[in-house]
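Residue numbers (the UniProt record's numbering): 1 to 118. We treat Cβ as the ideally placed atom computed from N, Cα and C, and that holds for glycine.
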């Protein structure tokens with residue numbers, strides 16, 4: 001019986017662009033969760049996966065968040081409390097997210113701007 005995969009770890013990215021867009025996809029997914037009052041609580045390299053199938057409409061594989069075991073529905077309260085918030089202006093180097101074999105291939109920095117809540 002042939003094994004079928006739905007998703008792959010980020011280690012299997014095929015280009016810097018694919019890796020960057022997969023991380024952006026996961027950030028957008030996290031934003032949608034937050035807009036609906038949920039916080040993921042464990043966004044990490046191991047909790048972002050690449051779709052196994054190529055999306056021909058987008059001309060790439062997509063990234064998405066997994067491991068939604070710990071989300072909470074108190075996003076507004078947590079985000080309002082500065083002691084629990086993340087400094088979103090600190091740049092996150094994608095090279096710190098990938099395994100050693102890909103570290104030299106990825107030099108781009110992704111930074112998220114603080115956004116005011118409604």
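Bridge pairing for residue 48: 65 [DSSP].
Residue 46 holds the alpha-carbon nearest to the alpha-carbon of residue 10 among 46, 39, 17. If you look at residue 21, you'll find it in the alpha helix (DSSP H) that goes 16-35. DSSP, read as helix, strand or coil, puts residue 8 in strand. Residue 41 has its alpha-carbon roughly 32 Å from the corresponding atom of residue 56. Here residue 39 carries a strand assignment [DSSP, helix/strand/coil].
One Cα belongs to residue 20, the other to residue 67, and the distance between them is close to 20 Å. A check of alpha carbon separations from residue 65 across 23, 52, 17 identifies 23 as the nearest.
If you ignore the 5 residues before and after residue 5, its C-beta comes within less than 7 Å of the C-beta of 52, all in its own chain and listed in chain order.
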